[in-house]
Amino acid sequence: MDNGLPQNSIKDIVKDKYGFIWLSMEGRILRYDGSNFVQYNNFKLKNLSFGDFYGNIKKDSISVFNISEKKVLLISRRHPEIIVANNTFEYGGAFKGKIYKRIVRNTITARYISYYINSYYVQLDEGSYYFEDDNIIYVDKKSRKRTLVAAGFSCDRLKRMFAYGEYIFISDPVRKKIIRLYRGTLSEIEAPSLYTDPETRMYWQQISGQVFIIRQGKIYRSEFSGGQLKLSFLLEYKDIDKDLSGAMFYDETVRKLYIGSSINGLKILSLSDFSVSRKNLPYQDEVCYAAVAYGDSSVLTQEGIKYSRNTSERVFGAPQSYDKRYIFEDNTGNLVYRENNSIHVRYKNTGFTKYDSISFKGKEIDGVYKNGGLYSASIVDRNQFYLYLFYHDNFKRIEKIIPCGDNIDVVFRYNKDLLYLGSGGGIYVYSFSRNKVIKQIGKGLPVKQMARTKDGNIWFTTYNSGIYLIKDQKAVRVPPDKNNFLANAHYLLEDQHSNIWISSDNGLFRIHKNDLLQYMTTPQGAITYYRYTKKHGLLNNEFNGSENPCAHQLKDGQFVFPSMEGFVFFNPENIRTYYPGRKDIYLERARVKGKMTQLKDKLFLECGYKNAELYIDIPYYSDLENIYLQAKLDNEDSSWVNIRSDKTFRFSGIEPGNYNLIVRFLSSETGKFVYKTLPVEVEAYFYQTVFFKILIVGIIIFIILVIVQVRTNFLRLKNKVLKNTLDHKDKELLETNNKLKNESDYQKKLVESISHDITTPVKFIALLSQELNESEDPKTQKKYFDSIYKTSEQLYKFTLSLKEYTELYKQENTESEEYSIYDLIETKRLLFEEIAAQKNTFISNFCDHQLKTRLNRNILLAVFHNIIDNAVKNTSDGEIIITSASAESYMEVSIADTGTGMSSEQMTYYSGLFRKKENEHMIFKNYGLGLHMVAQLVRKINSEMTFHKNTPQGTLIKILIKI
Numbered sequence: 001m002d003n004g005l006p007q008n009s010i011k012d013i014v015k016d017k018y019g020f021i022w023l024s025m026e027g028r029i030l031r032y033d034g035s036n037f038v039q040y041n042n043f044k045l046k047n048l049s050f051g052d053f054y055g056n057i058k059k060d061s062i063s064v065f066n067i068s069e070k071k072v073l074l075i076s077r078r079h080p081e082i083i084v085a086n087n088t089f090e091y092g093g094a095f096k097g098k099i100y101k102r103i104v105r106n107t108i109t110a111r112y113i114s115y116y117i118n119s120y121y122v123q124l125d126e127g128s129y130y131f132e133d134d135n136i137i138y139v140d141k142k143s144r145k146r147t148l149v150a151a152g153f154s155c156d157r158l159k160r161m162f163a164y165g166e167y168i169f170i171s172d173p174v175r176k177k178i179i180r181l182y183r184g185t186l187s188e189i190e191a192p193s194l195y196t197d198p199e200t201r202m203y204w205q206q207i208s209g210q211v212f213i214i215r216q217g218k219i220y221r222s223e224f225s226g227g228q229l230k231l232s233f234l235l236e237y238k239d240i241d242k243d244l245s246g247a248m249f250y251d252e253t254v255r256k257l258y259i260g261s262s263i264n265g266l267k268i269l270s271l272s273d274f275s276v277s278r279k280n281l282p283y284q285d286e287v288c289y290a291a292v293a294y295g296d297s298s299v300l301t302q303e304g305i306k307y308s309r310n311t312s313e314r315v316f317g318a319p320q321s322y323d324k325r326y327i328f329e330d331n332t333g334n335l336v337y338r339e340n341n342s343i344h345v346r347y348k349n350t351g352f353t354k355y356d357s358i359s360f361k362g363k364e365i366d367g368v369y370k371n372g373g374l375y376s377a378s379i380v381d382r383n384q385f386y387l388y389l390f391y392h393d394n395f396k397r398i399e400k401i402i403p404c405g406d407n408i409d410v411v412f413r414y415n416k417d418l419l420y421l422g423s424g425g426g427i428y429v430y431s432f433s434r435n436k437v438i439k440q441i442g443k444g445l446p447v448k449q450m451a452r453t454k455d456g457n458i459w460f461t462t463y464n465s466g467i468y469l470i471k472d473q474k475a476v477r478v479p480p481d482k483n484n485f486l487a488n489a490h491y492l493l494e495d496q497h498s499n500i501w502i503s504s505d506n507g508l509f510r511i512h513k514n515d516l517l518q519y520m521t522t523p524q525g526a527i528t529y530y531r532y533t534k535k536h537g538l539l540n541n542e543f544n545g546s547e548n549p550c551a552h553q554l555k556d557g558q559f560v561f562p563s564m565e566g567f568v569f570f571n572p573e574n575i576r577t578y579y580p581g582r583k584d585i586y587l588e589r590a591r592v593k594g595k596m597t598q599l600k601d602k603l604f605l606e607c608g609y610k611n612a613e614l615y616i617d618i619p620y621y622s623d624l625e626n627i628y629l630q631a632k633l634d635n636e637d638s639s640w641v642n643i644r645s646d647k648t649f650r651f652s653g654i655e656p657g658n659y660n661l662i663v664r665f666l667s668s669e670t671g672k673f674v675y676k677t678l679p680v681e682v683e684a685y686f687y688q689t690v691f692f693k694i695l696i697v698g699i700i701i702f703i704i705l706v707i708v709q710v711r712t713n714f715l716r717l718k719n720k721v722l723k724n725t726l727d728h729k730d731k732e733l734l735e736t737n738n739k740l741k742n743e744s745d746y747q748k749k750l751v752e753s754i755s756h757d758i759t760t761p762v763k764f765i766a767l768l769s770q771e772l773n774e775s776e777d778p779k780t781q782k783k784y785f786d787s788i789y790k791t792s793e794q795l796y797k798f799t800l801s802l803k804e805y806t807e808l809y810k811q812e813n814t815e816s817e818e819y820s821i822y823d824l825i826e827t828k829r830l831l832f833e834e835i836a837a838q839k840n841t842f843i844s845n846f847c848d849h850q851l852k853t854r855l856n857r858n859i860l861l862a863v864f865h866n867i868i869d870n871a872v873k874n875t876s877d878g879e880i881i882i883t884s885a886s887a888e889s890y891m892e893v894s895i896a897d898t899g900t901g902m903s904s905e906q907m908t909y910y911s912g913l914f915r916k917k918e919n920e921h922m923i924f925k926n927y928g929l930g931l932h933m934v935a936q937l938v939r940k941i942n943s944e945m946t947f948h949k950n951t952p953q954g955t956l957i958k959i960l961i962k963i
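Letter by letter, the sequence shown follows residues 1 to 963 in the numbering used here.
Structure below.
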């Protein structure tokens, strides 16, 4: 009752075809799934005193009668219901003045009383046996023929009866025989003596076909095959005589024996392939640390105790040790261990009774090690740490002393040259050939143990920091388990199937090495460890790992790990993993608003619900955490939720709508998940429905349309009054506006053009004037005067043409007379020559003297002015080369500079300016106004410009002038 049972009285136990275990009790029926009990007691019956189960498990028909009822409780499809009893479910009753009672189960406490019950009967598929009036009568089911099988048979012998199919067996302890009944015939057969031992107790249940033989606390399972009865030992449970007054059931799949008592509730006994060996000495604890392999199937400690599977014995006398962490065998089989700050050597040839001690005066021995043929000890001398290497197994002869930065806890020989020294600050790699520590792996990690697997990989465990793999001389963290118990992993061993077994402070873990390495390479999905605990037969979940050695693989194939409760022995070949079947999950129960609901195909949550619980039914009788049971809703922000032992998923605050609840779990060792989906509908309030929202939106739109229509009609009447007046005024204003707009656009463009073109020469004259003012050298002053004169002269000539500039955007595109392109370029070259010279830049005009055009001179001058101006501004210590070329339909003027050049973004932007239509609105970026003006002028004369990267640097602009 302390662990979930509503009461301690259990009448019968059975397992249905879906894997659920059912218990009959006083007043109720319970369903058990390995974690939780589901109680059924809401039956409309006068009497709820339920008794034995019977029926057919394979046909999903399990029945249970209660006392003095004409109705039967039928368990089918994982749910019990009351039905009217018929001949199929007859359990007994009165007929022709006789009282009949059906036998479906034999228990230790069963009593068969002939003065009250006139006839006991056993119903089989092909017929029934009646035990009445000290006779055995067989009635064939088809022919209804009655056959007297035997006479002189007292009913009290029925307590030693059991059946297999159509066979009934009755033990006769007096004659040491087994009576066999088959289709109305009687015979005697031989059987193991336990069947006929007077002290033997039997338990038989017809519906499960299970028979148990119990003697002095030892429980055997009986089987019938090949015409013979056979026994197999299950386990020893000394309190079986006290507890077994109710029922028994053995689940072969998970190897658990269920014992139901009428006074002590339910006992679940797990058969385990783990064996924990203890010394069982008075006033001594069972904490185990280091040991050495002793023989093929046992280990030996420095206390002289040999531990084997299930047993222990003393090999030699030694006081209880408080220093159990280091031990090994030397070359001759002597035991070497640390005791009282000295190295003890117990000699094998004396039966380990004599020993020598070696100590180092003034120094502390922290640990002794044997690895890769090296014998060593970690020594502490005045807070300085050293590793002493001995000459073979002569501990009085020190061959080498290695100073260490930290205390050494692990000595691991990697190869002939390299020695890995595990410490509290990582692994120091010592080279014998170079006589020094050459590198450090996993700096700062407190190393506990190191191990090498068959593939040559080196792994090490740490204190509170997990497991690491050494890869490419670096420490790579092994993914932790979901509870992070492996943060305190101790040691690992690899079995014949590449499974890695890892001991820890909280359980023994197993994982396939290839799965682990694959996940570390490409972390996809989830890494799944299988954890063994007390639920699997361990006496204590805590293993030990700070000793050396801390695990063994014995010659007979057994693994041995020390724990806080003895040494754990097991053969990895025999250790099983338990997973539910792919279909062993049922989403059919939910609790909504405090009421239990049976689901069919979906979960419906009414509007206004506050919370709901969905029960995930999985018949699983091992550790639930090993199947990684998780669930989530398929909405956008959902994530996997770990399902705890109550196997319940809780809904709270979910928005109305339709969802899918997805449940997943592991069903095999492959690490792949099985998924189950249940539709979930959350009902909305009327104001949360889509129809209501559409209706409200429609009403609002209708009101807006009505208001707009009324206002429109009013304005329409008013507009008619004003229309005639406005039509006349519009014509006048339109003409005036067009004139003003054209004039405004022209003035704006004119000011921009003049300002842009005159800026550079004026700025240059200003700079020369400043330099002239600061210079005292007459030659330099003359040079500056000369530059100012030439620039001013060209600027003066430019200003003389400002009149034509003012008409730039109004002028025609062509002129009556031809002129030379070379002359135009030369005019601008002279204007900017002095400016460029100050920047150590040369302007070269290589245009063809014979190349002529009739296009508007002032437009081309403005275009060339702007482009050469930009080239001069952006070029220092370079050159600007102007060339020309001609074709049938166009002439090309190229202006190339070696300056800073345009960015790709600028080239893309300005190239786009020339692809815009003439009337398209121009978007000005923060690149200056000059080229925007040039774009308009070039398009005005129906020409084009392209922008290119110059080689090796700078910008190349090509002007394509149509002829």
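Think of the CB as a built atom: it goes at the ideal place given N, C-alpha and C, for glycine as much as any other residue.
Keep in mind that this is a model prediction, so the values were computed, not measured.
Item: Coarse secondary structure for Q7, derived from DSSP in three states; Value: coil
Item: Alpha-carbon to alpha-carbon, Y909 and H921; Value: Model confidence at H921 stands at a pLDDT of 44, short of 50, so the residue's coordinates are unreliable and nothing is read from them.
Item: Rounded straight-line distance, which links the Cα of V762 to that of L860; Value: 21 Å
Item: C-alpha gap between I556 and D156, whole angstroms; Value: Correcting the residue identity first, residue 556 is Asp in this sequence and not Ile. Taking the straight line from one Cα to the other gives about 50 Å.
Item: Cβ-based burial, V710 [other Cβ within 10 Å; buried from 16]; Value: exposed
Item: Nearest to K324 (by Cα), restricted to the options T853, I213, E547, H344; Value: E547
Item: Within 7 Å, strictly: CB atoms of I470 and I458; Value: yes
Item: R576, DSSP secondary structure in three states; Value: coil
Item: Contact under 7 Å by Cβ, Y537 with S277; Value: Checking the sequence, you will find Gly at residue 537 rather than Tyr. No, they are not a contact pair.
Item: 7 Å Cβ cutoff met for G304 and V292; Value: no
Item: Bounding residues of the alpha helix (DSSP H) (the contiguous stretch that carries S904); Value: 904-913
Item: Beta-carbon proximity of I972 to I895, cut-off 7 Å; Value: What is shown of the chain runs 1 to 963, which leaves residue 972 out entirely.
Item: Whole beta strand (DSSP E) elements within the region 384-437, 3-residue minimum; Value: 384-391, 394-404, 408-413, 418-423, 426-431
Item: Alpha carbon of V429 to alpha carbon of F649, nearest angstrom; Value: 51 Å
Item: I211 vs F162 beta-carbon contact at 7 Å; Value: As written in the sequence, residue 211 is Val, which differs from the Ile given in the question. In this structure, F162 lies closer than 7 Å to V211 by Cβ.
Item: Span of the alpha helix (DSSP H), counted from its first residue to its last, around L822; Value: It should be noted that the sequence gives Tyr, not Leu, for residue 822. Y822 -> alpha helix (DSSP H) spans 821-838.
Item: Residue environment, S222, which counts as buried when at least 16 other CB atoms sit within 10 Å; Value: buried
Item: Simplified DSSP assignment, three categories, for R77; Value: coil
Item: Distance, T670 Cα to E683 Cα; Value: 40 Å
Item: Cut-off 6 Å between Cβ atoms - residues of its own chain near Y529, not counting five sequence neighbours on either side; Value: D481, F509, I511
Item: 7 Å CB neighbourhood of S475 in its chain, flanking five on each side removed; Value: Looking at the sequence provided, one finds Ala at residue 475 rather than Ser. Excluding residues within five positions, the ones whose Cβ falls inside 7 Å are I441, G442, L445, Y468.
Item: Cβ pair A489, S465 closer than 7 Å; Value: no
Item: Contact belief for R477 with E625 at Cβ below 8 Å, rounded distance in angstroms; Value: About 22 Å; that fails the 8 Å criterion.
Item: Assigned exposure category for T780 - 16 Cβ within 10 Å defines buried; Value: exposed
Item: DSSP-derived helix/strand/coil call for I703; Value: helix
Item: Sheet register partners of E681 (DSSP bridge); Value: F604, N658
Item: Close beta carbons around I527, own chain, < 6 Å, minus the five adjacent residues each side; Value: P479, Y519
Item: Cutoff 6 Å; reference K370; Cβ partners in own chain excluding five residues on either side; Value: F328
Item: Exposed unless 16 or more other CB atoms sit within 10 angstroms - verdict on E905; Value: exposed
Item: Close Cβ partners of Q524 (< 6 Å) along its chain, the five nearest in sequence each way excluded; Value: none
Item: Buried versus exposed, by CB contacts within 10 Å (16 or more), R78; Value: buried
Item: Reduced DSSP secondary structure (H/G/I, E/B, other) of P479; Value: coil
Item: Boundaries (first-last residue) of the beta strand (DSSP E) holding V122; Value: 119-123
Item: Inter-stretch contact (C-beta, 8 Å, three-pair minimum) for the region 833-844 and the region 867-887; Value: yes
Item: Proximity test, Cβ basis, 7 Å: F169 and chain B; Value: Going by chain labels, chain B is absent from the structure shown, which holds only one protein chain.
Item: The region 609-627 in contact with the region 588-597 per 3-pair CB rule at 8 Å; Value: yes
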